[in-house]
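Listed in order, the protein sequences are those of chains B and A.
Everything in the first sequence is counted per our numbering, starting at 58 for the first residue and increasing by one.
Everything in the second sequence is counted per our numbering, starting at 5 for the first residue and increasing by one.
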Amino acid sequence: MKRESGHLDAETLGAYIDGELHGPARQAAADHLRVCSVCRETASALGAPGSAARQVQAPEWNVEALVARVEAGISALEAEGEAVNDAVAAGRRRTVERAGVARWTGSAGREGSAGREGLAGREGSAGLGDLAGRAARWVKSRRRSALGFAAAAVILLVSLVGAAGYVYRREMIAQDRVLVDSHYIIRSGNAGALLVSYPGR
Amino acid sequence: MLAGSDWACTSDEDLARGAASGSQDAYSELVRRHSKKLLNLAWRMTGSQEAALDAVQEAWLSGWKGIRSFRGEAEFYSWMRRILVNGINNEFRKRSRRAALVSLDRSMDSEESGEPLQVEDEGADPQDIVGRAETAREIGQAVVRLPDMYRVVFLLRETELMSYSEIADVLGIAEGTVKSRLNMARRMLRETLSEEVGSARFA
């Protein structure tokens with residue numbers, strides 16, 4: 058805290074004038090300043106740039122012009138969110154039309170119109186619309202990773218179907234075996250003979 | 005919600021809640037209340053009125069996007085000030101040091117030579133007022149010429165009167181770093197000013 062010269066260092070003096078020295082450190086600095094004119098001068102020199110900076114008069118601001126700019130910016134943000142939302146909805150409709158399969162068009166069409174009606178009904182509530190807007194913006198900003206996710210999902214689906222088929226076949230074979238075995242057990246009434254006749258089953 | 009003319013009686017917290025539930029009018033009232041202080045801070049940080057207006061506008065738009073995360077633990081102004089300071093700091097980081105100095109110097113020249121900075125008239129001796137105006141003007145220019153990281157700490161302490169721990173929190177640095185940067189800023193300002201006073205005296 059004290060330099061070799063016996064005076065307080067600038068950091069300590071700065072902390073003192075900023076009211077950031079506490080407890081014994083503050084007391085020690087105050088005691089020293091009471092008797093040391095060199096440190097008193099340094100302290101007032103340290104405070105000078107700050108008090109001069111506070112006297113610099115700021116310009117006159119046109120706050121109403123800024124309010125207008127912020128309001129326009131917010132409207133643009135909101136409109137952007139809705140536009141992305143609409144674009145995503147339009148994209149979904151186009152995909153559905155292109156598919157041209159009656160049952161898909163039927164179900165997706167119903168879903169789409171229900172969604173649109175829902176949105177129109179909730180026009181007053183910002184919460185859900187905003188959520189949808191944010192989701193749409195997320196999809197837009199991460200189109201590449203969304204494609205990656207889609208590819209991974211397709212691969213996962215194909216392997217799941219394959220695995221399910223394998224399990225299904227094994228189950229069928231096992232059931233077949235039980236049927237054949239029970240048939241022979243019933244006919245012969247002799248489990249031992251069954252094992253001898255069909256050791257592999 | 006309330007009618008437009010009744011906003012004056014509504015607290016910042018209630019306005020922020022209104023804005024969070026989608027009321028742009030409530031948010032505009034917050035903009036109206038706090039822009040002057042934010043503009044002054046931004047102007048001191050950037051040294052340019054135009055840059056200050058842009059930075060504060062950006063901060064308000066970020067504030068609107070994140071208004072739901074305002075929980076009312078801190079004062080609304082402190083919450084906005086943090087957004088503003090972080091935004092300006094990011095700009096500083098993006099531009100190279102050199103480019104920053106050039107543009108700041110240019111803006112100081114174009115704006116402040118035409119319209120000199122003034123100090124408040126406290127009814128003192130005219131000669132003294134001129135003297136203080138000179139000092140304030142010099143300080144203003146010297147502060148703008150400080151390296152970004154020193155200038156930001158100096159202004160948050162001296163014009164915003166923030167504590168070391170608040171500054172450390174806003175800037176994401178240690179309190180010890182705040183202390184040493186502040187000390188460095190004060191030392192640089194003192195040196196700049198004593199050089200200028202010295203050269204004026206011996207000219």
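For every residue, glycine included, the Cβ atom is placed at its ideal position computed from N, Cα and C.
The structure presented is a predicted model; accordingly, all values stated were derived computationally and were not measured.
Practice task
Taking Ser108(B) as part of the alpha helix (DSSP H), name the residues at either end of that continuous run.
Solution key: Ser94 to Gln112
Problem - Under the three-state DSSP convention, the category Ala115(B) falls into - result: coil
Practice task
Classify Glu137(B) as buried or exposed, calling it buried when 16 or more other Cβ atoms lie within 10 Å of its own Cβ.
Solution key: exposed
Practice task
Using the Cα positions of Ser27(A) and Arg36(A), report the straight-line distance between them to the nearest angstrom.
Solution key: 15 Å
Practice task
Assuming Val174(A) and Val157(A) form a contact by the criterion Cβ under 8 Å, report the distance between their Cβ atoms to the nearest whole angstrom.
Solution key: Val174(A) to Val157(A), Cβ: 10 Å. No contact.
Problem - Beta-carbon spacing of Leu43(A), Ala23(A) below 7 Å - result: no
Handout entry: C-alpha gap between Ser239(B) and Leu213(B), whole angstroms
Key = 39 Å
Practice task
Can you grab the Cα-Cα spacing for the pair Leu197(A) / Ala140(A), in whole Å?
Solution key: 11 Å
Handout entry: Selected residue, minimal CA-CA separation from Thr99(B), among Ala85(B), Asp66(B) and Gln84(B)
Key = Asp66(B)
Problem - Test item: CB-CB of Ser82(A) and Val120(B) under 7 Å - result: no
Exercise for the section: Check each candidate in Asn187(A), Glu17(A) and Gly51(A) and name the one with the smallest Cα separation from Glu79(A). Expected result: Glu17(A)
Practice task
Kindly indicate the opening and closing residues of the alpha helix (DSSP H) around Trp83(A).
Solution key: Phe80 to Lys98
Practice task
For Arg190(A), count neighbouring C-beta atoms within 10 Å of its own C-beta (all shown protein chains included) and say buried if the count is 16 or more, exposed if not.
Solution key: buried
Exercise for the section: Tell me whether Asp58(A) sits in a helix, a strand or coil according to DSSP, three-state version. Expected result: helix
Handout entry: Span separating the alpha-carbon of Trp195(B) from that of Ile143(A)
Key = 47 Å
Problem - Which of helix, strand or coil DSSP assigns to Ser167(A) - result: coil
Practice task
For Ile177(A), name the three-state secondary structure that DSSP assigns.
Solution key: coil
Problem - Spatial distance of Met49(A) from Lys98(A) (CA atoms) - result: 15 Å
Practice task
Tell me whether His79(B) is buried or exposed, calling it buried when 16 or more other Cβ atoms sit within 10 Å of its Cβ.
Solution key: exposed
Problem - First through last residue of the alpha helix (DSSP H) which encompasses Asp16(A) - result: Asp16 to Ala24
Problem - Minimum C-alpha distance to Ser25(A) - residue among Asp187(B), Glu68(B) and Phe206(B) - result: Asp187(B)
Problem - Alpha-carbon to alpha-carbon, Arg72(A) and Gly148(B) - result: 30 Å
Problem - Whether Gln53(A) touches Pro116(B) by CB criterion (7 Å) - result: yes
Problem - Exposure label - Ser198(B); buried when at least 16 CB within 10 Å - result: exposed
Handout entry: CB contact below 7 Å: Tyr168(A) versus chain B
Key = yes
Exercise for the section: Output the distance between the C-alpha atoms of Asn93(A) and Ala63(A), rounded to the nearest integer angstrom. Expected result: 12 Å
Problem - Backbone CA spacing between Ala193(B) and Gly70(A) [nearest angstrom] - result: 18 Å
Problem - DSSP three-state assignment for Asp10(A), whether helix, strand or coil - result: helix
Practice task
Run down chain B in chain order and give the residues with a C-beta less than 7 Å from the C-beta of Glu47(A).
Solution key: Looking at the sequence shown, residue 47(A) is not Glu but Trp. Chain B residues near Trp47(A): Ala115 and Pro116.
Handout entry: Through-space distance from Ala144(B) to Asp152(A), alpha-carbon basis
Key = 43 Å
Handout entry: Straight-line gap, Gly180(A) to Leu134(B) (C-alpha atoms, nearest Å)
Key = 40 Å
Handout entry: C-beta contact flag for Gly107(B) and Glu162(A) at 7 Å
Key = yes
Practice task
Would you mind telling me which residues of chain B sit closer than 9 Å to Thr139(A), beta carbon to beta carbon, in chain order?
Solution key: Ala105, Ala109 and Gln112
Practice task
Tell me, please, whether the CB atom of Glu68(B) is closer than 7 Å to any CB atom in chain A?
Solution key: yes
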